[in-house]
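When we follow the numbering used here, the leftmost residue of the sequence shown carries the number 85, and every step to the right adds one. Every residue gets a Cβ at the ideal spot worked out from N, C-alpha and C, and that includes glycine. The structure appears below as structure tokens.
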Amino acid sequence: YMESVWITYLSGAYDMVRGNACFSAEDRKVMENELFRASCEIIMDYDEKMNNRQAFNNAGICAVGYLLDDKRYTDYSLYGKHGFVTHMNESVLEDGLWYEGDNYHFATVPSIVNIAEVARHNGLDLYNKEFNGHTVKMMFDAPLLSLQPDMTFPSRKDSVYSNHISQKWYAGLYELAYRRIQQPFIYFCFS
């Protein structure tokens, strides 16, 4: 899954500069075939099924699929046997948490967001779709429902103790999600 992490971000970076004259047609061909496609083939060779690591894999493959306009990769990552839609249908619990627990919930959310962002920039809104009663918004609401009075998340399974919601990691994700979903998240009244 580590291959998936770097290929996701490298796809975005390459998308921003690939039209630059510093790249020859041969440079582009080598990068697209020997880096991006080769990485996807390695990632697809090891299906992590319903695991959070497959969400990472899906994000990388989705980014490359849209980058190269390769329907095989986008279909695999979005609609495949263990793709985004299957994960949203089956790996997100009724309350909106990822089935593997709190620690894996926030490990998975960035991959879900990366897929939603790449798809959004290519005309597909996954933020505002419902999947078997689950939405991306629910994945942001669910952790807020379990916040402790001191604004830390409870420590369950192997999650970190006293993880505060104000961490930049969480704040950035919530800020982006709010911008995309345009609906308030769980409302809290502080006195």
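query, result
"DSSP three-state label for HIS248, please.", "strand"
"Can you tell me where the alpha helix (DSSP H) with CYS146 in it begins and where it stops?", "136-151"
"Only counting runs of 4 or more residues, tell me where the alpha helix (DSSP H) segments fall wholly within the region 173-225, in order along the chain.", "186-204"
"Examine the ligand FMN and report whether any of its heavy atoms sits within less than 6 Å of the Cβ of TYR258.", "This structure lacks the ligand FMN; in fact it carries no ligand of any kind."
"Pick out whichever of LEU181, PRO227, ASN141, HIS189 has its Cα sitting closest to the Cα of GLY167.", "ASN141"
"Kindly give me the distance between the Cβ atoms of ALA147 and ILE196, rounded to whole angstroms, as I take these residues to be in contact under 8 Å.", "Contact doesn't hold; Cβ gap of about 13 Å is too wide."
"Considering only C-alpha positions, which residue in the set TYR254, MET86, VAL176 is nearest to ILE145?", "MET86"
"Quick check on PHE107: does DSSP put it in helix, strand or coil?", "coil"
"Work out the CA separation of TYR163 and GLU184 for me, nearest whole Å.", "21 Å"
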